[in-house]
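> Pasting in a structure now, in structure tokens, and then I'll have a few things to ask.
2 protein chains.
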Amino acid sequence: MKILSKLPEMPYYAVIFSSIKTEKLDGYNDTAEKMWQLAHEQEGFLGVDSAGGETHGEAGITVSYWRDLDSIKQWKMQSDHAIARKLGKEKWYQGYTLRVAKVEKQYDFSAD
Amino acid sequence: MKILSKLPEMPYYAVIFSSIKTEKLDGYNDTAEKMWQLAHEQEGFLGVDSAGGETHGEAGITVSYWRDLDSIKQWKMQSDHAIARKLGKEKWYQGYTLRVAKVEKQYDFSAD
Numbered sequence: 002m003k004i005l006s007k008l009p010e011m012p013y014y015a016v017i018f019s020s021i022k023t024e025k026l027d028g029y030n031d032t033a034e035k036m037w038q039l040a041h042e043q044e045g046f047l048g049v050d051s052a053g054g055e056t057h058g059e060a061g062i063t064v065s066y067w068r069d070l071d072s073i074k075q076w077k078m079q080s081d082h083a084i085a086r087k088l089g090k091e092k093w094y095q096g097y098t099l100r101v102a103k104v105e106k107q108y109d110f111s112a113d
Numbered sequence: 002m003k004i005l006s007k008l009p010e011m012p013y014y015a016v017i018f019s020s021i022k023t024e025k026l027d028g029y030n031d032t033a034e035k036m037w038q039l040a041h042e043q044e045g046f047l048g049v050d051s052a053g054g055e056t057h058g059e060a061g062i063t064v065s066y067w068r069d070l071d072s073i074k075q076w077k078m079q080s081d082h083a084i085a086r087k088l089g090k091e092k093w094y095q096g097y098t099l100r101v102a103k104v105e106k107q108y109d110f111s112a113d
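Residue numbers (the numbering used here), protein chains in the order written: chain A, 2 to 113; chain B, 2 to 113.
See the structure below:
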């Protein structure tokens, strides 16, 4: 079973990336996996949750969590990530929205 | 093809709901559809994006957008929604996290 990211200590930021994919998904999975690994190595990275978006036309949402705006900026400037974003616009994404938001309240629930 | 919510004018808030479902999903779809309709009627509701979470064990993420903290509080207090949340804890969700976050930056991209 998939596991959700634990709640980090506030304050921190969420980057909400919602997307719809094209049919041209060659190379996508390898790049996505590489970006996942790279993000985990970034200073200020706190976690990530992802859902859906596995096929053409289906919505996908990935929310990553970061200590501050500077760590988000560093991740944006990371060179391999910049190349991946360019490929995303050229090939993989029909459209996307990206929001940077400061987490002010949080709750969790577990049935265990 | 699924359509993403358009970016509202800032400032506004995102409610990020990430969940893992149980196997006891009887009644879930009807309630989810009703909540979707009710949310759209709430004062301050700006939109919603949802991805994944259609089967047991798969992560789902729903992000709803609201004008301010008060509109989020009103939605939390809405009585049918309160009943649905109770059922969610008792039956449908193995676990979830909920974050309320203020959107500070946003971008979008469309290949069209």
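We treat Cβ as the ideally placed atom computed from N, Cα and C, and that holds for glycine.
With glutamine 107(A) as the anchor, note down where its beta strand (DSSP E) starts and where it stops.
Note, glutamine 107(A): beta strand (DSSP E), 94 to 111.
> Alpha carbon to alpha carbon, what distance is there between alanine 60(A) and serine 19(A)?
Spanning the two alpha carbons is a distance of roughly 7 Å.
> What does DSSP give as the partner residues of glycine 48(B) in its beta bridges?
Beta-bridge pairing links glycine 48(B) to Tyr66(B).
> CB aspartate 69(B) to CB serine 6(B), shorter than 9 Å?
Cβ atoms of aspartate 69(B) and serine 6(B): not closer than 9 Å.
> Name, please, each residue of chain E whose Cβ falls closer than 9 Å to the Cβ of valine 104(A).
In the displayed structure, chain E is absent; the protein chains listed are A and B.
> Quick test of the definition: if touching needs 3 or more C-beta pairs under 8 Å, does the region 98 to 111 of chain B touch the region 93 to 103 of chain A?
The region 98 to 111 of chain B vs the region 93 to 103 of chain A: in contact.
> Here's a check: name, in chain order, each residue in its chain whose Cβ is nearer than 6 Å to the Cβ of glutamate 24(B), leaving out the five neighbours to either side.
Closer than 6 Å at the Cβ level, and outside the excluded window around glutamate 24(B), lie His57.
> Considering only residues of the same chain and omitting the five flanking positions on each side of lysine 35(B), which have a CB-CB separation below 8 Å?
For lysine 35(B), where only same-chain residues beyond five positions count, the Cβ hits under 8 Å are Asp81 and Ala85.
> According to DSSP, is glycine 54(A) part of a helix, a strand, or is it coil?
In this structure, glycine 54(A) counts as coil in the three-state DSSP scheme.
> Out of curiosity, what's the CA-to-CA distance linking glycine 96(A) and lysine 90(A)?
Glycine 96(A) and lysine 90(A): Cα-Cα distance of roughly 8 Å.
> Excluding the five sequence neighbours on either side, which residues of its own chain have a C-beta within less than 6 Å of the C-beta of glutamine 43(B), listed in chain order?
Excluding sequence neighbours, glutamine 43(B) sits near Trp76.
> Tyrosine 13(B) bridges to which residues according to DSSP?
DSSP, once it has assigned bridges, lists Val104(B) as partnering tyrosine 13(B).
> The alpha helix (DSSP H) with threonine 32(A) in it runs from where to where?
Counting along the chain, the alpha helix (DSSP H) containing threonine 32(A) begins and ends at 29 to 42.
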